[in-house]
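Undergrad: One structure coming up, written as structure tokens, with questions to follow.
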Amino acid sequence: MSSTRNKPTLAVVGATGAVGTVMLDLLSTREDVWGEIRLIASPRSAGRRLRVRGEEVEVVALGEECFEGVDVAVFDVPDELSAQWAPVAAAKGAVAVDNSGAFRLDDDVPLVVPEVNAHAARVRPRGIIANPNCTTLSMIVAMGALHAEFGLSELIVSSYQAVSGAGQAGIDTLRDQISKVAGSTLGTQPGDVRRAVGDFGPFPAPMALNVVPWAGSLKDDGWSSEELKVRNESRKILGLPNLRVTATCVRVPVITTHSLTVHARFEREVTVAHAQEILRDAPGVVLYDNPAAGEFPTPADVVGTDPTWVGRVRRSMDDPTALELFVCGDNLRKGAALNTAQIAELVAADLG
Ligand SMILES: NC(=O)c1ccc[n+]([C@@H]2O[C@H](COP(=O)([O-])OP(=O)(O)OC[C@H]3O[C@@H](n4cnc5c(N)ncnc54)[C@H](OP(=O)(O)O)[C@@H]3O)[C@@H](O)[C@H]2O)c1
1 MSSTRNKPTL
11 AVVGATGAVG
21 TVMLDLLSTR
31 EDVWGEIRLI
41 ASPRSAGRRL
51 RVRGEEVEVV
61 ALGEECFEGV
71 DVAVFDVPDE
81 LSAQWAPVAA
91 AKGAVAVDNS
101 GAFRLDDDVP
111 LVVPEVNAHA
121 ARVRPRGIIA
131 NPNCTTLSMI
141 VAMGALHAEF
151 GLSELIVSSY
161 QAVSGAGQAG
171 IDTLRDQISK
181 VAGSTLGTQP
191 GDVRRAVGDF
201 GPFPAPMALN
211 VVPWAGSLKD
221 DGWSSEELKV
231 RNESRKILGL
241 PNLRVTATCV
251 RVPVITTHSL
261 TVHARFEREV
271 TVAHAQEILR
281 DAPGVVLYDN
291 PAAGEFPTPA
301 DVVGTDPTWV
311 GRVRRSMDDP
321 TALELFVCGD
331 NLRKGAALNT
341 AQIAELVAAD
351 LG
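Pasting the structure below:
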């Protein structure tokens with residue numbers, strides 16, 4: 001291992017969760033820019049030993065003293081904890097990079113996707129940088145590249161979201177439900193799956209053998225919080241406060257990797273060939289688009305990879321300024337931990 005002297009100290013708050021676990025994997029495999037790495041979680045996890053960079057590190061319980069001497073603190077914890085503790089870390093001199101929804105729309109907190117608006121990370125009046133939600137992140141790198149070329153004017157998206165977007169509890173729930181329906185003839189009568197699986201966990205309906213048109217909490221006029229996040233966060237990241245955005249968020253029985261169908265309308269006419277060229281060259285994007293050969297991204301193939309995968313690129317039949325696309329991104333990697341790690345590395349590079 002390289003010397004940790006003079007390298008910045010990183011704190012991972014929420015190291016034991018679904019996102020935190022992927023963060024530790026990324027820290028173990030990406031270029032090692034960190035000195036000490038401190039692992040923090042609830043008192044329930046204090047004393048557990050987790051592996052990072054090939055070494056066992058003991059988890060400590062969240063408290064003010066955790067942030068002494070920390071340069072960058074990433075927060076992979078629920079909103080209310082980030083709201084309380086990211087300012088504490090910032091007051092202790094750390095730059096807080098927050099994965100929760102607590103600060104994303106705060107005017108004094110940049111919302112950063114390094115491939116799209118890395119410059120925004122430098123202006124952080126509260127000492128906090130926010131990471132977008134996983135659904136927006138799963139498509140925004142590809143959309144940013146197309147916007148730079150054609151000028152985006154509208155997005156209409158439907159999501160097909162994995163259960164790990166609801167954290168470890170979401171993963172546990174789907175696995176449990178799959179074991180209850182496996183090998184059965186369930187899924188043929190109204191309510192038979194509902195009765196068989198029993199516990200819905202964090203979801204409003206069974207996830208096994210089902211598709212659920214709901215993610216997040218209920219907001220005004222029937223919208224879900226997840227749908228509003230896609231709208232508000234896409235606007236902020238792209239710097240397009242008036243962008244027309246409509247989202248319908250749907251949960252599907254996939255463990256990890258969100259998919260989206262996207263109808264993207266632009267200021268100028270588009271061609272499939274030109275759009276494919278842009279996507280092929282865009283950092284962080286893989287174009288995988290050959291339906292004649294059965295080639296398009298699916299969550300089962302994309303999970304565990306870093307890029308945004310794009311396929312099924314078509315020009316709308318009734319609108320020469322619009323494209324239809326199918327996009328997949330690992331919600332725990334680019335959708336959460338990877339983007340956070342990239343932001344933390346940007347900050348570390350500036351500190352050096
Ligand atoms: N899952 C995704 O796809 C995704 C994507 C983007 C952003 N996010 C956001 O990232 C954050 C973490 O999500 P997740 O899916 O990883 O959740 P999770 O699996 O439920 O993990 C939550 C983490 O928070 C810790 N925690 C809970 N209560 C605590 C307390 N009182 N003090 C200190 N630590 C505490 C947990 O520690 P213990 O193990 O000790 O309880 C655990 O490490 C959330 O804000 C979520 O909205 C998630």
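Numbering-wise, UniProt numbering puts 81 at position 81 of the sequence shown, and it's gapless, one number per residue.
By construction, the Cβ of each residue, glycine as well, lies at the ideal position given by its N, Cα and C atoms.
Nearest to residue 250 by CA position, among 55, 107, 25, 158, is which residue?
TA: Sequence index remark: in the sequence shown, residue 250 carries index 250 (1-based). Residue 158 is the option with its Cα nearest to residue 250.
Undergrad: Is there at least one Cβ from chain D nearer than 8 Å to residue 226's Cβ?
TA: The structure shown contains no chain D; it holds only a single protein chain.
Undergrad: By the three-class DSSP mapping on this structure, what secondary structure does residue 172 have?
TA: Here the question's residue 172 lines up with position 172 in the sequence shown. Under the three-state reduction of DSSP, residue 172 is assigned to helix.
Undergrad: Roughly how many angstroms lie between the CA atoms of residue 229 and residue 248, to the nearest whole one?
TA: As a first step, residue 229 is located in the sequence shown; it is residue number 229 there, counting from the start. As a first step, residue 248 is located in the sequence shown; it is residue number 248 there, counting from the start. The straight-line gap from Cα to Cα measures roughly 11 Å.
Undergrad: How is the beta strand (DSSP E) around residue 413 delimited, first residue to last?
TA: Absent from the model: residue 413. The displayed extent of the chain is 1 to 352, so no value can be given.
Undergrad: Can the beta-carbon of residue 332 be found less than 8 Å from the beta-carbon of residue 18?
TA: Taking the sequence shown and counting its residues from 1, the one referred to as residue 332 is at position 332. Taking the sequence shown and counting its residues from 1, the one referred to as residue 18 is at position 18. Closer than 8 Å, so yes.
Undergrad: Determine, using beta carbons only, whether residue 133 and residue 167 come nearer to each other than 8 Å.
TA: Here the question's residue 133 lines up with position 133 in the sequence shown. Here the question's residue 167 lines up with position 167 in the sequence shown. The answer is no: Cβ separation not under 8 Å.
Undergrad: Taking only runs of the beta strand (DSSP E) that begin and end inside the stretch 121 to 149, which ones reach a length of at least 3 residues, in chain order?
TA: List check, beta strand (DSSP E) in window: 128 to 130.
Undergrad: For residue 74 versus residue 344, is the C-beta spacing smaller than 8 Å?
TA: Within the sequence shown, numbered from 1, the residue matching residue 74 stands at position 74. Within the sequence shown, numbered from 1, the residue matching residue 344 stands at position 344. The Cβ atoms of residue 74 and residue 344 sit closer than 8 Å to each other.
Undergrad: Ligand 1 and residue 299: does the residue's C-beta get closer than 7 Å to at least one heavy atom of that ligand?
TA: Walking along the sequence shown from the start, residue 299 turns up at place 299. No, the Cβ of residue 299 stays beyond 7 Å of every heavy atom of ligand 1.
Undergrad: If the criterion is Cβ atoms closer than 8 Å, does the pair residue 259 and residue 136 meet it?
TA: Start at 1 with the first residue of the sequence shown, and residue 259 comes out as number 259. Start at 1 with the first residue of the sequence shown, and residue 136 comes out as number 136. No.
Undergrad: Report the rounded CA-to-CA distance for residue 59 versus residue 25, giving the unit in angstroms.
TA: Mapped onto the sequence shown, residue 59 falls at position 59. Mapped onto the sequence shown, residue 25 falls at position 25. One C-alpha to the other measures close to 15 Å.
Undergrad: So does residue 211 have its beta carbon nearer than 7 Å to some heavy atom of ligand 1?
TA: Along the sequence shown, read from residue 1 onward, the residue named residue 211 stands at position 211. At a cut-off of 7 Å, the beta-carbon of residue 211 does not count as near ligand 1: no heavy atom of the ligand is closer than that.
Undergrad: When DSSP labels each residue in this structure, what does residue 287 get in the three-state scheme?
TA: Position 287 of the sequence shown holds residue 287. Reduced to three states, the DSSP call for residue 287 is strand.
Undergrad: Can you find the residues in the same chain that come closer than 6 Å, C-beta to C-beta, to residue 340, ignoring five residues on each side of it along the sequence?
TA: As a first step, residue 340 must be located in the sequence shown, where it is residue number 340. The beta carbon of residue 340 sits closer than 6 Å to those of 74, 97, 99, 131, all from its chain and outside the five residues before and after it, given in chain order.
Undergrad: List the whole-angstrom C-beta distance separating residue 37 from residue 27, where the pair is believed to meet the contact cut-off of C-beta under 8 Å.
TA: The residue labelled residue 37 in the question sits at position 37 within the sequence shown. The residue labelled residue 27 in the question sits at position 27 within the sequence shown. Contact holds; Cβ gap of about 6 Å.
Undergrad: What residue range does the beta strand (DSSP E) around residue 161 cover?
TA: Start at 1 with the first residue of the sequence shown, and residue 161 comes out as number 161. Counting along the chain, the beta strand (DSSP E) containing residue 161 begins and ends at 152 to 161.
Undergrad: Which residue marks the beginning of the alpha helix (DSSP H) containing residue 301, and which one marks its end?
TA: As a position in the sequence shown, residue 301 is number 301, starting the count at 1. Run containing residue 301: 299 to 302, per the alpha helix (DSSP H) assignment.
Undergrad: Expressed to the nearest angstrom, what Euclidean distance is found between the alpha-carbon atoms of residue 288 and residue 84?
TA: Here residue 288 is taken as the residue at index 288 of the sequence shown, counted from 1. Here residue 84 is taken as the residue at index 84 of the sequence shown, counted from 1. Those two C-alpha atoms are separated by around 42 Å.
Undergrad: CA-CA distance, residue 86 and residue 63?
TA: Position 86 of the sequence shown, counted from the start, is the residue given in the question as residue 86. Position 63 of the sequence shown, counted from the start, is the residue given in the question as residue 63. Looking at the two C-alpha atoms, the distance is approximately 11 Å.
Undergrad: Return the CA-CA distance between residue 314 and residue 257, expressed in angstroms with no decimal places.
TA: Counting from one through the sequence shown, the residue named residue 314 turns up at place 314. Counting from one through the sequence shown, the residue named residue 257 turns up at place 257. Roughly 22 Å separates the two Cα atoms.
Undergrad: Residue 138: buried (16+ other C-beta within 10 angstroms of its C-beta) or exposed?
TA: Position 138 of the sequence shown, counting from 1, holds the residue named residue 138. By the neighbour-count criterion, in which 16 or more other beta carbons inside 10 Å mark a residue as buried, residue 138 falls on the buried side.
Undergrad: Need the endpoints of the alpha helix (DSSP H) that residue 193 sits in, please.
TA: The residue you call residue 193 lines up with position 193 of the sequence shown. For residue 193, the enclosing alpha helix (DSSP H) stretches over residues 192 to 197.
Undergrad: Use the C-beta contact count for residue 189: other C-beta atoms within 10 angstroms, 16 or more gives buried, fewer gives exposed.
TA: As a first step, residue 189 is located in the sequence shown; it is residue number 189 there, counting from the start. Residue 189 is exposed by the Cβ-count criterion.
Undergrad: Work out the CA separation of residue 150 and residue 79 for me, nearest whole Å.
TA: Sequence index remark: in the sequence shown, residue 79 carries index 79 (1-based). Sequence index remark: in the sequence shown, residue 150 carries index 150 (1-based). Taking the straight line from one Cα to the other gives about 35 Å.
Undergrad: Output needed for residue 214: all residues of its chain with C-beta closer than 7 Å, excluding positions within five of it in sequence on either side, in chain order.
TA: Along the sequence shown, one-based indexing puts residue 214 at 214. Hits under 7 Å: 204, 224, 251.
Undergrad: Would a C-beta distance cut-off of 8 Å place residue 285 and residue 155 closer than the cut-off?
TA: Translated into the one-based positions of the sequence shown, residue 285 becomes position 285. Translated into the one-based positions of the sequence shown, residue 155 becomes position 155. Taking a C-beta distance under 8 Å as the contact criterion, residue 285 and residue 155 do not qualify as a contact pair.
Undergrad: Out of 334, 153, 57, 312, which one is the CA nearest neighbour of residue 245?
TA: Taking the first residue of the sequence shown as position 1, residue 245 is located at position 245. With distances taken between Cα atoms, residue 245 lies closest to 153.
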